[in-house]
Structures are given as structure tokens and as C-alpha cells.
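Visitor: Would you mind keeping the following structure in view while I ask a few things?
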Amino acid sequence: MSSKTWSKWLLILLPIVAGAYLLWPTYNYYRMNQEREGLLGDSAALESWDLANGEDFAKARNARLKLGLDLRGGMYVTLEVDILKLIEESADPLSVDEDFTNILEKTRAQTDNTDLDVLDTYLVNFRASGKSLLQYFPLSSSDEAKGGDPEKAIEEKLRNDAAGAVDQAMEVIRQRINKYDLSEVNIQKQGARRIAIELPDVKDEKEIRALIQTTARLEFKRVMMTRDLIRTFYAIDNVLKGVVAAEPVVDTTAVDSTAKAKDTTAIAKADTATKDTAAAKVDTSKKNANPYAGLSDDEVARRVKRDYPFSYMLTGLFAQSEKSSFQNFDLVLKKAEDFPEQGIYNFVVSGTVLPQFLKYLERADVKRAIPTDLDIVVAARPEGTPAKDGTPEFYNVYGVVREADLTGDVVTEAFPSFDQSSNQPMVLMEMTGEGGERWAQITGANIGKRIAIILDGRVYSAPTVQNKITGGSSQITGATSPEEANLLAVVLKAGALKAPVKIIEERVVGPSLGEDSIRRGITSSILSFALIVLFMLAYYVWGGGLADIALLMNVLLVVAGLAGFGGTLSLPGIAGIILSTAMAVDANILIFERMREELYAGKTLKVAIDLGFEKAWSAIIDSNLTNILATIPLLIWGSGPVRGFAVTLLVGAVITLFTAVVVTRAMFTLIAASGATTFNIGQKRTA
Amino acid sequence: MDLIKKTNIDFVSSRVAIFRTSVIITLIGLAATFLPGMIDLGIDFTGGTQITVKFANQSASADQVRVAVGSIGYGSAEIKSFGSTGEYLIRVNETGRASEISAAIVAGLQKSFANDTVTLLGADNVDPKVSSELAFDSALSLFLATIIILLYVAFRFQFAYGLSAIVALAHDVVLAFVISVLFNKTGLLNLELSINSLAAYLTILGYSINDKVVVFDRIRENREKHKGMSLVDLVNLSLNETLSRTIITGVSVLAALLVMVFLGGDVLEGFAFTMFIGIVIGTFSSIYIASAFLIWYSDRVQHKNVGELHTKKA
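What follows is the structure, given as C-alpha cells:
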């Protein structure tokens, strides 16, 4: 085979391989999902399946071709930040009078059905009234200190709040929805004031609405990380042990119960044996008689999970003092008394078991096992930068006081900044006068200790108090990136200002409609496609066969391309695929008709092939390019469905140019090169 | 197979009459659609709340559903049956909380029709503000897409060709729209104008421009091949030469769409129907609208000598 022939074969085969590669996760996902769904009733089998296949399943799920909500069912919500409400809430409630309300109402009437900027319109209306902003809106202490025009400063603050409100609402909603473990939630900022949320597989719409619209709760709580926390972890183990044992996961055979008896004696012995120095004691497991000795790794893992259902998920970090370095330890086969009383404790939980961990914490019996003055909370974000290679991420686990030392409504302002001396990102926070006083008391009494900043039950930061903070202005350092500082500022502001959002669009597609439409859509599409394939075969015989191969490739590549780019296939997307398939068919028909013309004119096969492609080319490129160019405004300005159509049409038209011209041509060239002098493209037989 | 032999049909002589007839029909149809109550705007464009429910045993008639929904407190609700029997679309003017309204209606219907099972197929709630923006965005992007088509065709061919294409495209989309609106009144398919049906009109636009470009491409080629041939002759020759392709492509795509009209289910059928009529119109308009306009424009506006048809005896 000559190198030229080789390259033709490559042109034909390579895209097929690439397409199959991109679609492999999609196939894998649906196969595994079916397998998994078969196990849904059986929690033990499901757990072991998840353990064995969970990672592959998640990977396949991320890379698969996603279906739009119109095809699979789900809920779609568009939220808009209510700027007027925000203005209303920013105002000092004591100063609000009829004039103030009138201006708000007037602005609402003007902006309700127009595209006018709400804040600008409000400010214009306000100016027209001849009043001063200062009369209604409090001036922050830092702005006061800065001097300058107070009117401008308030205007600036309103603008910043309006701009930040969307980010704030997004962060709050994201955190809450993640808590519910709804798979594949998509949250997107739309323009300056809107948030679009797509939730597939929603079972209870009411719950989601409540979730989205309740306001966030910001709290400051002292961190309590002592040996007592470990005692609590073991207490939770004890509660869960009975529950988990009752589940069919663990078989409680006679052998097991004796093993358990051995366990306790072993630990009791270990307890009396270990009264050495702290650092050495942290890792005690080696010294103790290991009750799991001699068991297979799987069996050990199973028993650890059974005996320490809660604490096995935790990894501890211990340092004797601030100066010494941290050492890792685990909690399995130990007792609280094994650990030193003095020292700094930290705990982390792996992201892979986090949902289970949080589920346990929600249980009423677990809550009862936690001392009344203590609460266990988890960080909102994993430690450090997210790992790309799939290694698990770790979330800090904190013990905090149960009663909030201070709630977020005392925060008046928070913004990201940079530390002048170290150039590190930090957050500046200001509090009301009353809040500042309490803050001074709290910080004064807890120098060197940590205070957790908690929004909706998740910790965003737990800074160490450096000194007593008086006057209500605090600096929070320790953010590792400007983004992190930004997020923390957003969170702190959530305490000051409840970004008011309203639902302006809500769509629910019932799963039954989704299922039915997928089934019928797929069946009819396959039938339509088969019809075209047969028609081409009947009309253009062998040529039609080649065109069919190109057509199959076309559809394969469009769908694969969509999966590869992380696109979503929706109903309008199907329209785009229909159009691009129609144009691919047309391109082949154009070519074959030209070839026939040339063959009738008495040209040889090779010449007819060349001329056929050459002459059809200008029509094919012009029609496809026209469509490609026309998709551009649709992509830029079109909303959801229009854009969905444009994406598949764009991908489809580009691929049509490739398959219908390059690939079909490569196939014909291979045939001509093989020495054939006749080829049946359904032309009349000439004598 | 070779069904379409070399043809020599006189397309151009009847062009003026057919062009006029088609445009008049389109305009009358367009006027008719603006009679009150003709256009079924979907909730995407009107705003409001719309829910679709299914009665498993098909025991409820539309009137019974109307009464039942009225008794829940939505007296002004609009009830439409669609798709398979037992499926109803209920539209309420209120824009509030879709899930609350839908839950109330489903619960109320279940109570009124205790021996049937009512399932919620879908619920949509669109704020009027969103719907007006949606309409504006769609119109803007469509307008700009048309301008781009005009510019590209004018650049690759001539301005007259670009303009002819746009005239034909406008004709196709409007006529397809008119037929959809009228057909919607038969109640056989749900063809109300929604943001999704917009994609169907975009498909018509895309297919139609593809068809025009193929014909124009032949004219461009023949202009070089037969120097001195009059425009009328060129157009007629090119239409004949591309006829077999036009018919074969059209028939195969239409056959595929027909399968979707009958088997595509609630979601695809209306979609496929609009595309089907659009493609029939688009194919027709390549011959009688785009080409006819091209000749008229070159003759009357550009004052070129377009000549008379010289049909060679075959």
C-alpha cells in the first residue's frame, strides 16, 4: 500500500476511532447506571457496588453526553436579585418614610417590564425628589473616616452591594444544593442580575423552592478542638455501631461477636499500657495487640467500618504546640484517653465519604450523642487547591460551640483587600457599634484561639484571634488566594445583607414526560435515519453505501463532539442535527448527481470522480458556510434553546464539510486507486 | 436508479403569475393570523403558568377538567387537550409559583376524578418580563442572522442574489408560520408558538438557504460556461440541471421528517410538522420566489437585459 493510500485510510478510520473514544463514557455510563439501578433496593449490594465502581461511574458520568432537561425531566429555575428590595433593606429602618416608599414604588413601576437598570432609575428618581441619600442610608465608619462626598460614598456602596448580591446568592444556593447531593446541578450566572439553575432528577420541587428562597444564616462560633472532641467521635461510633450492625451490610455471625469481645479487651489493655509522652502516644496502634491481625485486607477494612463507622472516616492531625509540626493519626483501635490532653488537634474528612459523614451528623440519635455545648461542622470547601488527577480532596472538620457567639447581622460591610506589608490577600470586616462591643469581648477572651465563620452550617474560615479587636473593624488574613478572600467577603456580607431573590422563571418537566419523549424521540430518529440510509442505498447503490458510511460518521461525530465539549443535547439541538444531517445528505447527492453527469458525458470513472467533487464543492462550501456564519448571532444573542440549536448546527455543518467531502472523497479515491474502471452509483447502464 | 432524466421544463415563463399568487396567499394568510385569537402564543412569549397533566384512565373530558380546575379557584384557566387522549394542558394567567399552582391543581383534579390517576407531566412558569426579553432576543438574533446571510451571499455571488435569497427566506418562514397557525386550529397537533418551535423555523431558514445556494451556484457556473446567454435562459437551465438533486434531497429529508411527525411523540411531532411544510415551501421558493425575484430585480431595478426564454427543442 502506498503512503497515499494509507493516509486515506487514516482519514476514514481515525475520526471513527476518535468519535467512539469520546462516546465511550456515555455508553459506559448508561450501562453502569442500569446495573446500579438494578441494585437500588438492596443497600448492601449497592454499597459494595459503589465501593468497587464508584470512581469509574463518576468519571463516566462527567464525560457522558448530557441530555437537556426537556428530554430527561427536571427543574429549571431562573432567579433574579431584587435590587429594590436590596435598597429597601439597606436603608435605616427608622428613617424610612412615605417619600422613601413612594420613590421605591415609582421605580418598581418603571422597571417592572423594561430593561432599564433598576439602581440607575432609582437614583434618578431619588435625585428628582431633592432628598439626600444620607437621610436614609447609614454611612459606614470607614467611609466617614475617608471623608469626601458622603452621597457619593453611599451611592458607591449601593452599587457594590447590587453587584455583589448575585455572587452572594449564588454561593449560598450552591452550598445548599450541594448539601442535598442532587446530581449534576448546574448553576450559572446570567447577565448581571440573574442566576439560572438546572436541576435534573428533582423529586420534591417544593423543597427546592424553599431551599432557594430562605435566607442564609451567618454565625461566629468559637472552635473547640480538644481531646473531648475525640471522645465525642467515639460516642457517635457507639451510637452508629448498633444501627449499622442492624443493616444487612454487616453479617453478625458468632465469629464476629467473639472478635468484638477480643477487640474490647485488647483496647482496654492498650489503655492501661499507654501512658507515655504525647507525640509517641499518638500512634499507638503498632504497640497494641492488633485484634485485626492475620485477617485479609478486605476483612480488616470491613471490620474497621463496622467498629468505627464514624471515626474511621476521619484523619487526625496533631501538634504539641504551635511550633512543632503536625503528625497524622487515625482513630481506629484507640480510646480518647490514648491521646494527650494538651496540644493542637485538627481533623479532616475525605471528599469521597463526606456525603455519608454529613448524613450521619444529621441523624437525631447522633445529635443526641454530641454534648449539648458542642457542634461538629465541616468546611464548605476542600483544603488547598482542587486536585486535578482525581485524588480525594479533604475537608476540615471542626468542633465548635453550639450557641453562636455572634450572628452575622452585626456585620455591616466586608470586602477583599491586600495586606500592605505582606501583600497577602485578606478580608476587611466591619461591624455595628453594638456588635463591635461584643466582638471586642469575645476576641479579648479568646486570644490565640480560633473562631469559625459559619454560613448555613458550613465553615468558610476559622481564623485565629491575634488580639482584642475593638472598634468593630477586623482584618481576616490567611486566605491563600484573592479568590478565596473574595469568597469569604461574599459570605460575610450574607450576614449583613440577605440578597433578596425572586423566581422569575420556573419549569418542571415530569420524569414521565421526559422518559416517554426520549424513547419516542430516539425510536423515530433511528427510523428516519434508517429511511435515508436505505434510500441512498437504493438510489445510488454502491455510491449510496459510501455516502451512508459518511452519514453515520457525521452523526457519530456530531454527537461525540457535543459530548467532548461538554455540551447538552436538547430538543432544539435535535433540530440542529436534523438540519446538518439533511445538508450532509444533500452534499452527497450533489456530488453523485455531478458524477453521473460526467459519466453520461463519457468520462472515465477517475475523471468523473474528480470532476464530480470539484464541481459540487462550491455549492457545498457556500451553503454550509452560510449556515455556519448564520449561527454566530444565534450563539451570541440567542437565549437558551436558540443557542442549543446553533451549537449543534455549527458543529454539524463543520463536520458535514469534513465527512461529506473529505471522507467520501477518500473512499472514492481508494476505489479509483484500486484500479476499478466502473463503479455503480445507480447510473443508467450505458452499453 | 435514475428517476429524474435530463429535463427541459419551462419554469420561468409562469414565474410572474406564480410569484404573485404565492406572495398574495402569504400576505392574506399573514393578515388572517393577526385576527384575534389566531396565533397560539406559548407561555414562553405570553408569560404565565402552564401545566400538563395526564389521566391514566382517560376518564376526564376537557369540559370536566375545566369545571374541576374552576372549582379549585382557577376559573379563567385555559384547557386544551393535546397528544394522546387523556392529556391536558392547563394554562393559568397567574405568574407565581409554578410548583404550588401545579401541586394544587393536580391534587384538586385527583380529588375530582378519584377513580383515575392524575400525573403531572410538566409545569412552566414564566414571568412576563422574561417572556418579552425572550421574544426580543430571539427577534434580534434572527434579524442579525438574516443580515449575515444577505452579506455572505452578496459577497459570494452578487447583491441581487443575496436580496433574492432574503426575499425567498422571508416568504418561506412567513408562509410556514401561517400554515402552522392555521393547522394548529385543527387541534391535531400542538403547534403553538414557543421558544422551541423557533428552532424549527431556524431549521427551515437553514434548509431553504442551502437550497437557494445550490441553484445560485449552478447559475454562477453556467454564466461562465455559456457566456452571452440571457439571465432568463441561465436561470431556467440551472433550475433544470439541479432539479434531480432538488427533488431527491427534498424527498429523502421529507420522508425522514414524516416518520417523526407520526412517531416522534408529543415533543417532536409538532416540531417535525413545521419543518416538513417549511421544507416543501423552501424547495418551491428556490424556483418560484428566489429565481423569479432575481430576474425581476435584475430587469426592473438594475435595468439589465434579462432576455426571453429560448427553449431548445430536446
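From first to last, the protein sequence lines stand for chains X and R.
Be aware that the first sequence starts at 1, since it is given in our numbering, and climbs by one per residue.
Be aware that the second sequence starts at 688, since it is given in our numbering, and climbs by one per residue.
Glycine is no exception: its CB is placed at the ideal position from the N, C-alpha and C atoms.
As the structure is a prediction and not an experimental result, all values here were calculated from the model.
Which one of X/PHE339, X/GLY316, X/ALA369 has the shortest CA to CA distance from X/PHE689?
Guide: Nothing about residue 689 of chain X can be read from this structure; chain X reaches only from 1 to 687.
Visitor: Between the beta-carbon of X/MET225 and the beta-carbon of X/GLY399, is there less than 8 Å?
Guide: The residue given as residue 225 of chain X occupies position 225 in the first sequence. The residue given as residue 399 of chain X occupies position 399 in the first sequence. In contact: X/MET225 and X/GLY399 (Cβ atoms closer than 8 Å).
Visitor: Could you give the distance in angstroms between the alpha-carbon of R/PHE823 and the alpha-carbon of R/LYS816?
Guide: Looking up residue 823 of chain R in the second sequence gives position 136. Looking up residue 816 of chain R in the second sequence gives position 129. C-alpha separation (whole angstroms): 11 Å.
Visitor: Looking at the strands, I want to know which residues DSSP matches up with X/SER473.
Guide: Position 473 of the first sequence, counted from the start, is the residue given in the question as residue 473 of chain X. In DSSP, X/SER473 forms a bridge with X/GLU430.
Visitor: Does the CB of X/MET583 have a neighbour CB from chain R at under 8 Å?
Guide: In the first sequence, the residue the question calls residue 583 of chain X occupies position 583. Yes, its Cβ sits closer than 8 Å to a Cβ of chain R.
Visitor: Under 8 Å Cβ-Cβ, which residues of chain R neighbour X/ALA575?
Guide: Your numbering for residue 575 of chain X matches position 575 in the first sequence. Correct list: ALA886, ALA887, LEU889, THR890, PHE958, MET962.
Visitor: When you compare the CB positions of X/ASN627 and R/GLY849, do they come within less than 8 Å of one another, or not?
Guide: Counted from its first residue, the first sequence places residue 627 of chain X at position 627. Counted from its first residue, the second sequence places residue 849 of chain R at position 162. Going by C-beta atoms, X/ASN627 is not nearer than 8 Å to R/GLY849.
Visitor: Have a look at the DSSP bridge pairing and note the partners of X/PRO200.
Guide: As a working note, residue 200 of chain X is residue 200 in the first sequence. Partner(s): X/GLY74.
Visitor: At a Cβ threshold of 8 Å, is X/THR523 touching chain R?
Guide: Position 523 of the first sequence, counted from the first residue, corresponds to residue 523 of chain X. By this cut-off, X/THR523 is an interface position.
Visitor: Whole angstroms are fine: how far does the CA of X/VAL366 sit from the CA of X/ASN290?
Guide: Numbered from 1 along the first sequence, position 290 holds the residue referred to as residue 290 of chain X. Numbered from 1 along the first sequence, position 366 holds the residue referred to as residue 366 of chain X. Taking the straight line from one Cα to the other gives about 28 Å.
Visitor: Under 8 Å between the Cβ atoms of X/GLY652 and X/ALA646?
Guide: Sequence index remark: in the first sequence, residue 652 of chain X carries index 652 (1-based). Sequence index remark: in the first sequence, residue 646 of chain X carries index 646 (1-based). No; because the gap between Cβ atoms is not below 8 Å, this pair is not in contact.
Visitor: Is R/ALA719 close to chain X? Criterion is C-beta to C-beta, closer than 8 Å.
Guide: Numbered from its first residue, the second sequence carries residue 719 of chain R at position 32. False, the Cβ-Cβ gap to chain X never drops below 8 Å.
Visitor: Measuring alpha carbon to alpha carbon, tell me which of R/ALA832, R/ILE777, R/LEU944, R/VAL919 ends up nearest R/ILE906.
Guide: On the second sequence, residue 906 of chain R is found 219 positions in, with the first residue counted as 1. The shortest C-alpha separation from R/ILE906 is found at R/VAL919.
Visitor: Here's the rule I'm using: 16 or more other beta-carbon atoms within 10 Å means buried, otherwise exposed. How should R/PRO723 be labelled?
Guide: Counted from its first residue, the second sequence places residue 723 of chain R at position 36. Result: exposed.
Visitor: Go through its chain and collect everything with a Cβ distance to R/VAL865's Cβ below 7 Å, but skip five positions before and after it.
Guide: Sequence index remark: in the second sequence, residue 865 of chain R carries index 178 (1-based). Closer than 7 Å at the Cβ level, and outside the excluded window around R/VAL865, lie THR713, GLY716, LEU717, THR720.
Visitor: Does DSSP classify X/SER350 as helix, strand or coil?
Guide: Stepping through the first sequence from its first residue, residue 350 of chain X is reached at position 350. Strand at X/SER350.
Visitor: Using only the alpha-carbon positions, how far apart do X/MET583 and X/ILE632 sit?
Guide: Taking the first sequence and counting its residues from 1, one reaches residue 583 of chain X at position 583. Taking the first sequence and counting its residues from 1, one reaches residue 632 of chain X at position 632. Going by the C-alpha atoms only, they are around 18 Å apart.
Visitor: When DSSP builds the beta bridges, which residues end up paired with X/GLY399?
Guide: Reading the first sequence from its first residue, position 399 is the one you call residue 399 of chain X. Bridge partners of X/GLY399: X/ILE376.
Visitor: Report the residue from X/LEU556, X/VAL558, X/LEU557, X/ALA530 whose alpha carbon sits nearest the alpha carbon of X/ALA545.
Guide: The sequence position of residue 545 of chain X within the first sequence is 545, counting from 1. The sequence given here places Gly at residue 545 of chain X; Ala does not occur at that position. Per the Cα distances, X/ALA530.
Visitor: Would you kindly work out how many angstroms separate the C-alpha atoms of R/ARG778 and R/THR970, rounded to a whole number?
Guide: Working through the second sequence from its first residue, we reach residue 778 of chain R at position 91. Working through the second sequence from its first residue, we reach residue 970 of chain R at position 283. Distance between the alpha carbons of R/ARG778 and R/THR970 is about 37 Å.
Visitor: Determine the contact status of X/LYS493 and X/ASP82, defining contact as a CB-CB distance below 8 Å.
Guide: On the first sequence, residue 493 of chain X is found 493 positions in, with the first residue counted as 1. On the first sequence, residue 82 of chain X is found 82 positions in, with the first residue counted as 1. No, these two residues do not count as a Cβ contact at 8 Å.
Visitor: Please list, in chain order, all residues of the same chain as X/GLY724 whose beta carbon is under 8 Å from its beta carbon, the five residues on each side excluded.
Guide: The structure shown does not extend to residue 724 of chain X, since chain X is modelled only from 1 through 687, so no value can be given for it.
Visitor: Quick one: residues in its chain with C-beta nearer than 6 Å to the C-beta of X/SER7, no 5 flanking neighbours on either side, listed in chain order?
Guide: The residue labelled residue 7 of chain X in the question sits at position 7 within the first sequence. Result list for X/SER7: empty, nothing under 6 Å.
Visitor: Strictly below 7 Å CB to CB, what residues from chain X border R/ARG932?
Guide: Within the second sequence, the letter at position 245 stands for residue 932 of chain R. Near R/ARG932 (Cβ distances below 7 Å), the residues of chain X are ILE589, LEU590, GLU593.
Visitor: Could you tell me the distance, in whole angstroms, from the CA atom of X/GLU403 to the CA atom of X/GLY457?
Guide: By 1-based counting over the first sequence, the position of residue 403 of chain X is 403. By 1-based counting over the first sequence, the position of residue 457 of chain X is 457. Rounded to whole angstroms, X/GLU403 to X/GLY457 spans 12 Å at the Cα level.
Visitor: Below 6 Å CB to CB, which residues in the same chain sit around X/VAL185 once its five sequence neighbours on both sides are set aside?
Guide: Indexing the first sequence from 1 puts residue 185 of chain X at position 185. Closer than 6 Å at the Cβ level, and outside the excluded window around X/VAL185, lie ILE177, LEU199.
Visitor: How big is the Cα-Cα spacing for X/TRP9 and X/SER580?
Guide: By one-based count along the first sequence, residue 9 of chain X stands at place 9. By one-based count along the first sequence, residue 580 of chain X stands at place 580. Looking at the two C-alpha atoms, the distance is approximately 24 Å.
Visitor: Which residues bound the beta strand (DSSP E) around X/LEU13?
Guide: On the first sequence, position 13 is the one that residue 13 of chain X refers to. Not the beta strand (DSSP E): X/LEU13 falls in the alpha helix (DSSP H), residues 3 to 38.
Visitor: R/VAL922 touches chain X at which residues, Cβ-Cβ below 9 Å?
Guide: Here residue 922 of chain R refers to the residue found at position 235 of the second sequence. Ordered by position in chain X, no residue passes the 9 Å Cβ test against R/VAL922, which lies about 16 Å from the chain.
Visitor: In angstroms, rounded to a whole number, what distance separates the CA positions of X/LEU22 and X/ASN554?
Guide: One-based indexing of the first sequence puts residue 22 of chain X at position 22. One-based indexing of the first sequence puts residue 554 of chain X at position 554. Approximately 14 Å, taken between the alpha carbons.
Visitor: Between the C-alpha atoms of X/LYS287 and X/GLY294, what's the straight-line distance to the nearest angstrom?
Guide: Taking the first sequence and counting its residues from 1, the one referred to as residue 287 of chain X is at position 287. Taking the first sequence and counting its residues from 1, the one referred to as residue 294 of chain X is at position 294. At X/LYS287 the pLDDT is 46, less than 50, meaning the model places this residue with poor confidence; the figure from the coordinates comes in the next sentence. Each residue's Cα considered, the two are about 16 Å apart.
Visitor: Count the other CB atoms within 10 Å of the CB of X/GLN135; is the residue buried (16 or more) or exposed (fewer)?
Guide: Counting from 1 along the first sequence, the entry for residue 135 of chain X is found at position 135. By the neighbour-count rule (16 or more Cβ atoms within 10 Å), X/GLN135 is not buried but exposed.
Visitor: Using the Cβ count rule (16 or more neighbours within 10 Å means buried), how would you classify X/VAL282?
Guide: Taking the first residue of the first sequence as position 1, residue 282 of chain X is located at position 282. Since pLDDT at X/VAL282 reaches only 44, below the 50 mark, its modelled position is unreliable, and the value read off the structure follows with that caveat. Burial call: buried.
Visitor: What residues match up with X/THR407 in a beta bridge as DSSP calls it?
Guide: The residue labelled residue 407 of chain X in the question sits at position 407 within the first sequence. Per DSSP, X/GLU219.
Visitor: Within the chosen definition, does the segment 957 to 976 of chain R reach the segment 839 to 849 of chain R through at least 3 CB pairs nearer than 8 Å?
Guide: No, they do not touch.
Visitor: For R/ALA794, count the other beta carbons within 10 Å of its own beta carbon; 16 or more makes it buried, fewer makes it exposed. Which is it?
Guide: The residue labelled residue 794 of chain R in the question sits at position 107 within the second sequence. Looking at its Cβ environment, which holds fewer than 16 other Cβ atoms inside 10 Å, R/ALA794 is exposed.
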